[in-house]
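Residue numbers (the numbering used here): 113 to 464.
Ideal placement from N, C-alpha and C gives every residue a C-beta, glycine not left out.
In this text the structure is predicted, and so the values were computed from the model without any measurement.
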Ligand SMILES: [Zn+2]
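Shown next as structure tokens:
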């Protein structure tokens, strides 16, 4: 089977170099977004761009191309292969993920996450679909809602970095699996403790994978067995994070849920994404087919460029979203402490 990494069509990228993008003033953008959101219930679709202010590196730069030309995504088939080759692949993967979980765990929602959460909590916008696996929309909305309520409002289209799934469907919190990895690999646990003590920051990719030196040997790294499978009399250490890898399909349940969110809203607000992945692009197409207005906020070329019916504003989310939320919720927030707190929350951290 031939696998390819989703990309923006080359024609859009080459046109982007020549195009003259009309600039929009932040005040005008705020006004246009606020009036779009106030005119009906919007579904929201987000991508990596909304997490950049939290220090999560985006895959693509402003020109729409991968920022790291040597970036090699991990393919699903490699990670789940039931063979010695698959096993060594998982040793390598889980060692890097073990180290990479440290910064992932410390990442905090930024003002864009909190602004969207406040708008959701206040009922101004409806459900949110995110392509991000970083859990930051969840973290922001948790200030106001229970975990079950958050799950009902935020669909993580590509899954979550905070869960681990075995090939037979047993699911564990990532933090628990982190403990098991540490217990099974005391030498690496000591290495991680030292990193934590010194505050050193390993370089990570958005999916929590970390870059380690070439000389590191992965051979003695132990990937723990799934206790659920052990209890069923089966030894199984084919574990993967519960997010969608390249080459893996989104479940029908999640796909249907994402479509229903778009169908139940009367407009779609897209931000911080190039919709390069088809799972996101088809949602935008679905909204257009249903003749729903689409407002698109992103800097740089996207797969949706030039599609009739898409209004696009070229401005970073972090420059406008807090003002959008303030302008729509400012009055209500005077009497609502939770809302007021959300409108003032969020940490901006430069990417490392
Ligand atoms: Zn299992």
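A residue is called buried once 16 or more other Cβ atoms fall within 10 Å of its Cβ, and residue 328, having fewer, is exposed.
Judged by the Cβ position, residue 340 qualifies as a neighbour of ligand 1 at the 7 Å threshold, a heavy atom of the ligand being closer than this.
A distance criterion of 7 Å places the beta-carbon of residue 282 in contact range of ligand 1, judged by its closest non-hydrogen atom. Cα atoms of residue 272 and residue 248: separation of roughly 10 Å, rounded to the nearest angstrom. Here the distance from the Cβ of residue 348 to the nearest heavy atom of ligand 1 is below 7 Å. Taking the Cβ atoms as the reference, residue 389 lies roughly 14 Å from residue 410, outside the contact range of under 8 Å.
For residue 333, the three-state secondary structure derived from DSSP is coil. In this structure, the beta-carbon distance from residue 400 to residue 419 falls below 8 Å. Cα atoms of residue 397 and residue 377: separation of roughly 14 Å, rounded to the nearest angstrom. Closest by C-alpha distance to residue 225, out of 305, 375, 349, 432, is 432.
For residue 423, the beta-bridge partners assigned by DSSP are 407. Assigned with DSSP and collapsed to three states, residue 277 falls in strand. Between residue 203 and residue 330, the C-beta gap is smaller than 8 Å, which places the two residues in contact. Given a length threshold of 4 residues, each whole run of the alpha helix (DSSP H) inside the segment 134-168 is given here in chain order: 138-150.
Bounds of any alpha helix (DSSP H) do not take in residue 242; it lies within the beta strand (DSSP E) bounded by 237-242. With respect to the 8 Å criterion, residue 238 and residue 154 are classified as neighbours on the basis of their beta carbons.
Partner residues in the beta bridge of residue 355, as assigned by DSSP, are 271.
Inter-residue distance for residue 394 and residue 412 is about 20 Å (C-alpha atoms, whole angstroms). The beta carbon of residue 222 lies closer than 7 Å to those of 165, 166, 430, 458, 459, 460 in the same chain, with the five residues before and after it left out. A check of alpha carbon separations from residue 363 across 270, 341, 236 identifies 270 as the nearest.
Shown here, residue 221 sits in coil according to DSSP, grouped into three states, outside any helix or strand. The bridge partners DSSP lists for residue 285 are 275.
Classified as buried, residue 435 has 16 or more neighbouring CB atoms from the shown chains inside 10 Å of its CB. Cβ neighbours of residue 255 within its own chain (closer than 8 Å, five residues either side excluded): 226, 229, 450, 453, 454, 457.
A distance below 8 Å separates the beta carbons of residue 232 and residue 253.
Under the DSSP assignment, residue 257 falls outside any alpha helix (DSSP H); it carries neither an H nor an E label. In the three-state DSSP reduction, residue 328 falls in the coil class, being neither helix nor strand. By the criterion of a C-beta distance shorter than 6 Å, residue 422 is surrounded in its chain by 406, 408, 416, once the five residues flanking it on both sides are discounted. The beta-carbon distance between residue 444 and residue 234, rounded to whole angstroms, is 6 Å. This is short enough to meet the 8 Å contact definition. Just so you know, the alpha carbons of residue 161 and residue 312 end up roughly 25 Å apart. About 5 Å separates the beta carbon of residue 425 from that of residue 136, a gap short enough to meet the 8 Å contact definition.
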